[in-house]
Amino acid sequence: MEQGLRSRRMQKPSKIRFERRRKVLENAHIQKPSAALCSQIEKLVLYNRYREALELFEIYEPRNGYDVGGSTYDALVSACIGLKSIRGVKRVFNYMISDGFEPDMYMRNRVLLVHAKCGLMNDARKLFDEMLERDLVSWNTMITGLIDSGNYSEAFRLFLIMWEEFSDGNSHTFALMVRASAGLGLICVGRQIHSCALKMDVADVIFVSCALIDMYSKCGSVEDAQFVFDQMPEKTTVGWNSIISGYALHGYSEEALSIYSEMRECGVKIDHFTFSIVVRTCTRLASFEHAKQAHAALVRHGFGSDIVANTALVDFYCKWGRMEDARNVFERMPCKNLETWNAMIAGYGNHGQGDKAVKMFEQMLRDKMIPCHVTFLAVLSACSYSGLAEQGWKIFQSMSRDHKIKPRAMHYACMIELLGREGLLDEAFALIRSAPFKPTTNMWAALLTACRMNENLELGRFAAERLYEMEPEKLSNYVVLYNVYNSAGKLKEAAGIVQTLKRKGLRMLPARSWIEVKKQPYAFLSGDKSHVQTKEIYQTVDKLMLEIAKHGYAVENKTLLPDVDEEEQRLLSYHSEKLAIAFGLINAPGWIPLLITQSHRMCSDCHNAVKYIAMVTGRKIVVRDASRFHHFRNGTCSCGDYW
DNA sequence: GTAGGGTTAG
């Protein structure tokens, strides 16, 4: 054993761990080895000290010869579930078999569960298929694993087999299948499951109702979600949370908050999930006061140190550009998780404070927090936005070397943008070629943009050609190359692009934004002049632009579109979302647009990051960039296509 | 005795 201990200590040179293990062992020796050991393991599990319980088992395991009963195995499996330790469960299970202990259905289900929880669905499937007998729990456990790993269609397949074989299913099964419907985003499937649940008389079970509320809101029907919520015989915290989050999800921020106050009046327990949802809702809402109140309530209710709620708060202050407030919340958090760090790093990056983002990242590593691909995306884009080429490059290299994280396409695209800004086009191109996977459109597009900035015709043409191959119908690729030629004075080539466009029958659809004022939708195109209030709208936009310029916004005036004359070019700088916001300002008294997010673009003149301030708002007016929402593309527009 | 619902970063 001494040797075993030594080798283990060498693997994990942690004094604290060793000390802890020594204490556990000492305690174990107080009583008779076998009974004492078992009861010690069970006790440790009871107090959620899973790791110690497993360590204790592993230390003694090679010696064999002590009787382990069902309750101890159960405790050990619980420890494995708690730690998601598949290695642990394999050891426990093997020991169980070699010890001659015949696991019953309960135990087999538990083993199946650990595999499912660890996402090892192939192994779980094998275990499931090998089971001579299966009960509802076995089926439900298997379905849970499939849903958790995002394999909704397979979950449905299994459910159908079960349904055909046994015509059975309990409340858990239906809650699961409702969740699977939500995952598929198919409300029609969800409705069928709902009606089955009604037939089986399980639709009123509290957690089934909650799953239904969630499913209906995720599938786009807040009305149905509200209906299920109203029908709930007893409205629990989770039920309230689900309906609030449903309204918030669809941009009904005010409604969400009013339901939240209703919830408080009912005296239902408010938990940290409630606060996370409320804070997130406030992030979208045009009232800073609401958020501050929520922050105060969070502290009052004793969730001041909750990690999820506070992470939402950090994100909230970051999105508002209140970096000092964000940092204050961050610093006061007694413990932080990966998401907290990511939110803070991304916050600094998005506000052009790349140096602080990098410092945060370094601090994170010193604090022994393990970064993930999102962290790297945040810190690399921060470097890119702030022109920290050298640091960005070092971090990118350390990604796979020191942190064993393979850079994904987005990381490459970030680096290409970064190199491009430095004018290092050859290096950027080399990076694309060195990628261990087929370059994605994002990567070629980043290179093309860099070529446009550096007026590199040859490489730009090459990148554009790759893009044409991958997305032959995507107009923006042609427009960017057109701009590359145009900026370089190659008018003949530029005209060639226009010809290609015409031959392909591609038409330019300018960006379109959509605004809802008093439940009435209005659509605007860039440079739209068709509205009766056009004069007023443009005056308002001009005023807004002066305001935004104070915050450092630089108008990019090099964007050229084929066949568009100068006057029209000027009009196109009146982006559709600006027109929509101006319209909202004029027609919705009391509505205050808010500078909420700041993203960055590279300035085509100085190649430095400039602040681009987008206006996003909550209240009853929703402004969205229409081109990003496919269902708006089909929305009617008063002035038709631009071309 | 097991399994279930709501959350933060991108």
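Residue numbering for the first sequence follows my numbering, starting at 1228 and increasing by one per position. Ideal Cβ positions, reconstructed from N, Cα and C, are used throughout, including at glycine.
Looking only at its own chain, which residues have a Cβ that is under 7 Å from the Cβ of residue i, when we skip the five neighbours before and after it?
| i | result |
| --- | --- |
| Arg-1635 | His-1600 |
| Ile-1308 | Leu-1340, Val-1341 and Lys-1344 |
| Cys-1866 | In this predicted model, Cys-1866 has a pLDDT of only 24, less than 50, meaning its place in the structure is not dependable enough to derive any value. |
| Val-1432 | Ser-1398 |
| Ser-1241 | Bear in mind that a pLDDT of 42 at Ser-1241, under 50, signals an unreliable position, so the number given afterwards is only what the model happens to contain. Nothing meets the Cβ criterion. |
| Thr-1371 | Ala-1343 and Leu-1403 |
| Leu-1633 | The sequence given here places Lys at residue 1633; Leu does not occur at that position. Cβ within range, chain order: Ser-1627. |
| Arg-1504 | In the sequence as displayed, the identity of residue 1504 is Ile instead of Arg. The residues are Asn-1468, Ile-1471, Ser-1472 and Ala-1475. |
| Cys-1265 | Val-1295, Gly-1296 and Thr-1299 |
| Arg-1507 | Ala-1475 and Ala-1539 |
| Asn-1336 | Val-1364, Ser-1365 and Thr-1368 |
In or out: residue i buried (at least 16 other Cβ within 10 Å) or exposed?
| i | result |
| --- | --- |
| Thr-1510 | buried |
| Glu-1282 | buried |
| Pro-1666 | buried |
| His-1256 | Confidence is the limiting factor: at His-1256 the pLDDT is only 47, short of 50, which leaves the residue's position unreliable, though a coordinate-based value still follows. It is exposed - the Cβ of His-1256 has fewer than 16 other Cβ atoms within 10 Å. |
| Phe-1355 | buried |
| Tyr-1487 | buried |
| Ala-1570 | buried |
| Cys-1493 | exposed |
| Val-1759 | exposed |
| Phe-1603 | buried |
| Lys-1563 | buried |
| Thr-1538 | buried |
| Phe-1454 | exposed |
| Phe-1393 | exposed |
| Lys-1805 | buried |
| Ala-1605 | buried |
| Asp-1451 | buried |
| Leu-1439 | buried |
| Ile-1388 | exposed |
| Gly-1315 | buried |
| Tyr-1575 | buried |
| Arg-1559 | exposed |
| Glu-1551 | exposed |
Once the 5 residues before and after residue i are set aside, which same chain residues still bring their CB inside 6 Å of it?
| i | result |
| --- | --- |
| Ser-1532 | Pro-1561 |
| Gly-1410 | Tyr-1379 |
| Phe-1557 | Val-1541 and Met-1571 |
| Ser-1444 | Ala-1452, Gly-1473 and Leu-1476 |
| Arg-1660 | none |
| Leu-1684 | Ala-1715 |
| Met-1490 | Trp-1467 |
| Ala-1521 | Val-1505, Val-1506 and Cys-1509 |
| Leu-1651 | none |
| Arg-1693 | Trp-1671 |
| Leu-1812 | Thr-1767 |
Taking the CB atoms as reference points, tell me whether residue i and residue j lie closer together than 8 Å.
| i | j | result |
| --- | --- | --- |
| Leu-1476 | His-1517 | no |
| Ser-1422 | Val-1416 | no |
| Ala-1715 | Glu-1682 | yes |
| Val-1706 | Gly-1687 | no |
| Val-1338 | Val-1295 | no |
| Gly-1466 | Val-1449 | no |
| Gly-1385 | Leu-1373 | Just to set this straight, residue 1385 is Leu in the shown sequence, not Gly. Yes; because the gap between Cβ atoms is below 8 Å, this pair is in contact. |
| Val-1495 | Met-1442 | no |
| Thr-1463 | Thr-1501 | no |
| Leu-1363 | Asp-1395 | yes |
| Ala-1584 | Ala-1609 | yes |
| Gly-1346 | Ser-1376 | yes |
| Tyr-1639 | Ala-1672 | no |
| Tyr-1333 | Leu-1310 | no |
| Ile-1597 | Thr-1567 | no |
| Phe-1810 | Tyr-1765 | no |
| Glu-1329 | Ala-1302 | no |
Residues in its own chain within less than 8 Å of residue i by CB, not counting five upstream and five downstream?
| i | result |
| --- | --- |
| Gln-1458 | Asp-1431 and Ser-1436 |
Check: Does the stretch 1667-1678 come close enough to the stretch 1639-1646 to have 3 or more Cβ pairs within less than 8 Å?
Finding: yes
Margin query: Closer than 8 Å is the cut-off here; do at least three beta carbon pairs connect the stretch 1313-1326 with the stretch 1351-1367?
Written below: no
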